[in-house]
Every structure is written in structure tokens, then in C-alpha cells.
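Taking it in order: structure first as C-alpha cells, then the write-up.
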Amino acid sequence: MSQVKPQFDVVIAGAGPVGLTMAIDLGRRGVRTLIVERNPSTGPWPKMDRSNSRTMEFYRRLGIADEVRALGYPADASMDIFIVRSLSEAPLLKQHYPSVATMRERIEAATDHSQPLEPYQLVSQNRLEPLLKSVAENTPNVTVRYGCELTALAQDAEAVTVTLKPSDGGQEEVRCSFLAGCDGGGSTVRKSLGIRLEGQGSLRKMKQICFRSETLYDRIPMGKGRHYYFTDPEGSAIIVQGDRKEFTLNSDIPDDTDLDEWIRRKIGPGIEFDYELLNVSNWTLHLLLAEKYREGRAFLAGDAAHLVIPTGGLGMNSGVGDALDLAWKLSGTVHGWGGPGLLESYEIERRPVGQKTVEASGWAAQGLGLWRANLTAAVDQDTEEGLDQQHRAAQLANRHHRRVHEMVGAEQNYTYAGSPLIASEADAETSWETVRYLPTTEPGARIPHIWLKDRAAMQDVLGADYTFVDLTGMADASAVKAAFDTIGAPLRILSRNEEHVRMVYGCRYLLVRPDLHIVWTGNSLPSDPQSLARLATGH
């Protein structure tokens, strides 16, 4: 078996947003990729609702950010959050957040590196997945197969053999150089590798009720927003999906609940609306992390590697971060220029991010619990006790509920300082600010967005591979290029005289990786370009 040549460089199990995003990036890097999904088509129901700014920056690099936005929440729509007893009453609290249009104005006006290049975007998973599927199917080197389940795997020193079971019967074996398990929380790949999940499982069981109403959003009297959180003991919340006609109601309610009565109770009296019930499903809250992200030639990404509570919107987005990190490293290994340290660095870099993501998700969920903790049935009554509870809930929510929606630090601040691929002496365990974005050009960080003199964005002018950035426009970086050429690794020299950027970044030169993370910075050219190139490529 070991003598059979692999049919694919990479097989990806699971065609959710993480797997599809990875497949697109791999295909564009010339990596022969097969992605398989056991379901016959993309998911029909809304799940995640927020692609954060980091994810949208990546989709911009893939050239699909505008298409993603066209499928989602309108740019000028309200992003406000409400704490409510029902949708028909005055809210106990309104928390204002800027719309995508407002964020774009801030980004355009920024003269420093304090803003991301792309704002966040609300887009339902059942809208995002078909777009990613279409892009993947039209990407060279990518084969997409739905209705095809990975049921087993075996690996040797040279390749991985996966057993596939198509929905039309039979089974087949496919041999690949590497396997990426993006197959969700119940990952077959993870279980087959014997990798355990660590942390807190089965924290709470919830029911998700998906329904569609053509009229409800326009008839909400209290004000338009994206999330409505209820003061009930069931922990209910209504999420407005991208087209503002689909809604998800999440509640901890028994299976025998009268769903029509429950939906109408949450909406409240006085709001006349019709709706179509789309789907009812059960889901469980977890805070879990895989004990490792790799076993031999097989890797885990997304929910297969980490399971978080949806509060904070970090789940799918951290999975896309996994895909972004792993894809270029697989490409470098497949194309022969990556050293053994390149793939070894995946777990070193991404598992700490997964750990921080689990912690940040739990911290955000605590924000919900802190204002709901002492509520009783009296909160729904306009008695002295009820009014006191309402006032107290509003006060506590104004302080603690912000955890749920103010996570830009967790999204943008994570660093790979301490990675063997980064020229940094910083501790890998450096704490990251969760709420605020703190831009930096320290090696290991994502290169901050900044506008250049001609109004081009720094991220837009970087290459798809390594880029050596000369902000003086005058340096001779040929020795750096020669060092990468010796290894066979692709490097672009970007030479521009950008005095303002030099001042903001605090350096003249940067080496940037394909995933936009900074390898090295300096105010003089590298003294040993060969060593720097070897470090950056895992040799």
C-alpha cells in the first residue's frame, strides 16, 4: 500500500465554512485537494451569524468579500442589542453598536493602524456555505464531493489512506499526502486519531427554533437590532439573520413545549405577524479543546479542534484562522520548500489561539450569566419587586453583557510570538487583550492595516506568499530574495517610500508571511538573510 502514489496532496473532511475556505486557498496555491462532505448539500438552516473583521480580511484576499457582504445583513442596518421581556414592550436596555457602513467610514478616515481593513459582516451560514461551495468548485486543483462520508483512515510514513462511503452505496479508498479534519464537533478524523477533547462539556442544552417571517422585523416597535436577549430563566435570545426575514430563537425549553405559543410569547402581544417554522434542533454548549491538533500526517481544524459557546462569535471565525494558518504550510510542504518545522508549527501556533478562544468564549458567556443570575418570575411583573429587578438587570447587563459583543481584541490581537517560525524572543504565553484592539508590528502579530500614500491598503499590496517590505523605497534586498530562492520559497519584494507608515509601524523593513503575520522587523536589512529565510520556512 505504501508504494501507491497519492491521488491527492490533501483530503479535507467536512465542507463547512472552515473546510471550504481551506480548500479554496489550497487550490489557488496549486495543491491538489479533495474535499468530502457526508451531507448531500450545504446546510439549509442558519447557524453562525457573524464573520468578524479578521475573517473578512481573509475573504478580501480571496477576492470574495463583496460577494459575502451581498448575501448578508445590509451595510446600513442597525447592529444594536436589546435586553427585553418581550419584543412588544419597551426594552430594559439598548446597547448601540456601529453599522457596517459606519465602520467603513471610520476605516476610510483612519490615518493610523487602529482600524481593520474590513468591518465585520453578519451573514448566515446557510447563505455563506453555497457561495464558498461554488467558489471551491470553480477553483483549479479542487475536487468537491457532497454525499460522501469519510468513515476510516490509516496512515504510514508516506501518506494517509482514507475510506470514503458515497451516499449511492459502496466504498472506496483514496490515498493522500495529508488529511485535514474539518468535520465538526463529532469529528470522525479526531476520533479515528484517538485525540481527546479537554475542558468543560455539556454545559447546557438548548433548542434552536428557526422561522421565517416576511413582516416581523418591520413590526418590532422598540427599535431595530440584530440580537434580542430575554429576561427569562430559559436563557432565550432571538437572532436576526442576514436578510432580516429569517430568525433563530434559542431557548432552554422542554421537548414538549408548544412552539407556536412559545414563539408568540417571546414576540409579545400586540405584534401581528405570520411565520413559517423552518427547523427545530437541539444543541449543547461546550468549552472544549483538542489535546493536540496533529497526529502524523493528519490535522484538525475548526470545531474538530475546539468547541466554544457561540457568545462572542469566535467559533467559525477561529476555524477560518486555523484554515488560513494550515493551508499555506501544507502548500509549502507539498511544493518542497517547507522544512519539517513548517507543519510542526501549526499546533504550536494555533492551539494556544484555540485555548484563548475557549477562554474568551467562556468569559463572554459569563457576561450573560452575571445579569441573569438573580432574576425571578417577578421580573415580568410591574410590581415594586418586578420594577426593581428590571432596573437591576439593566444595570448589570449594561456592564457585563458587553462581553458578548466586544471581542475585537480576541479577534485581532492574537500573536504567534514564541513560534519557531517567528524571529521574536517574546513569550508565547503573552496575554492578549480581549476587548480592545492593540495594533503592533511586533514579530508574530498580524500586520496592521494602514493606508499608503496612494490610498492602497497595505494588505492589498502584499503578495500571496512571503513579502519583504521595504518602506524606504531604496534598499537593496537582493540578498533576502536570493536566500529564499536558494530554498525555493516564493518571496516578493515590496519597495515603497512610505514615511508615514514607517513612523506608525516603527520600523523600515518587515518580512510578512502568506497569512499576514510578521516574521521579522528591523531598521536595517537582515544581517543574516539565509538564517532568516530558513527560520521563516521551517528549516
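Position 480, counted from 1, in the sequence shown is what the numbering used here calls 1563; the numbers after and before it change by one each time, with no gaps. Virtual Cβ for every residue (Gly too), placed ideally from N, Cα, C.
Of the residues PHE1294, ASP1315 and LEU1599, the one whose Cα lies closest to the Cα of GLN1464 is ASP1315. VAL1119 is positioned such that its CB atom lies no closer than 8 Å to that of ALA1406. When beta bridges are read from the DSSP output, VAL1595 appears opposite THR1550 and ILE1601. The C-beta separation of TRP1411 from PRO1597 comes to about 4 Å, placing the pair in contact by the 8 Å criterion. Judged by DSSP secondary structure, ILE1190 falls within the alpha helix (DSSP H) whose first and last residues are 1183-1192.
If you draw a straight line from the Cα of SER1414 to the Cα of LEU1397, it comes to about 26 Å.
Segment contact: the stretch 1429-1445 against the stretch 1467-1475, fewer than three CB-CB distances shorter than 8 Å; contact not assigned. Judged by beta-carbon spacing, ALA1158 lies within the 8 Å limit of ALA1184, meaning their Cβ atoms are closer than that value.
Between GLY1318 and SER1296, the gap from beta carbon to beta carbon reaches 8 Å or more. Taken in chain order, the unbroken stretches of alpha helix (DSSP H) that lie wholly in the stretch 1098-1152 and span 4 residues or more are 1100-1111 and 1136-1144.
HIS1474 counts as exposed, since fewer than 16 other C-beta atoms from the protein chains shown sit within 10 angstroms of its C-beta.
Within the stretch 1279-1327, the complete beta strand (DSSP E) segments at least 3 residues long are 1280-1295, 1310-1313 and 1320-1323, listed from N- to C-terminus. In this structure, ILE1166 is the residue among ARG1529, GLU1344, ILE1166 and LYS1274 with its C-alpha nearest to the C-alpha of HIS1484. Taking C-beta atoms under 8 Å as the contact rule, ALA1565 and LEU1608 fail to qualify, at a distance of about 13 Å. Fully contained in the stretch 1432-1509 are the following alpha helix (DSSP H) runs of length 4 or more, in chain order: 1467-1483, 1485-1488 and 1491-1495. With a cutoff of 8 Å on beta-carbon distance, LEU1211 and LEU1154 are scored as near each other.
Going by DSSP, ALA1263 is part of no alpha helix (DSSP H) but of the beta strand (DSSP E) stretching over 1255-1264. Beyond the five residues adjoining it in sequence on each side, VAL1087 comes within less than 6 Å, by CB distance, of ARG1258 in the same chain, given in chain order. Taking 8 Å as the cut-off, the beta carbon of LEU1170 is found closer than this to the beta carbon of ILE1303.
Distance from the CA atom of GLY1556 to the CA atom of TYR1156, rounded to whole angstroms, is 41 Å. Residues THR1222 of the same chain have their beta carbon placed closer than 7 Å to that of ARG1111, with the five preceding and five following residues left out of the count. At a Cβ-Cβ threshold of 8 Å, ALA1619 and LEU1504 count as neighbours. ALA1500 counts as buried, since at least 16 other C-beta atoms from the protein chains shown sit within 10 angstroms of its C-beta. Here GLU1374 is not bridged, per DSSP, to any residue. By the C-beta criterion, the stretch 1451-1461 is judged not to be in contact with the stretch 1128-1147, since fewer than 3 inter-stretch pairs fall below 8 Å.
Judged by DSSP in its simplified three-state form, TRP1515 adopts coil rather than helix or strand.
In this structure, DSSP gives LYS1088 a state outside helix and strand, which the three-state scheme calls coil.
Judged by pairs of C-beta atoms under 8 Å, the stretch 1369-1383 touches the stretch 1257-1276, as three or more such pairs exist.
Partner residues in a beta bridge of PHE1356, as assigned by DSSP, do not exist.
Rounded to the nearest whole angstrom, the C-alpha separation of ILE1354 and GLU1344 is 14 Å. At a Cβ-Cβ threshold of 8 Å, ILE1530 and VAL1595 count as neighbours.
The way I'd put it, the stretch 1388-1396 does touch the stretch 1120-1140; three or more beta-carbon pairs between them come closer than 8 Å. At the C-beta level, LEU1286 and LEU1372 stay beyond 8 Å of one another. Rounded to the nearest whole angstrom, the C-alpha separation of GLY1252 and GLY1230 is 10 Å.
Membership of THR1246 in the beta strand (DSSP E) is indicated by the continuous run 1243-1249. Taking C-beta separations shorter than 7 Å and ignoring five residues to either side along the sequence, the partners of PRO1526 in its chain run ALA1500, ILE1505, ALA1506, SER1507, ILE1601, VAL1602, TRP1603 and THR1604, following chain order.
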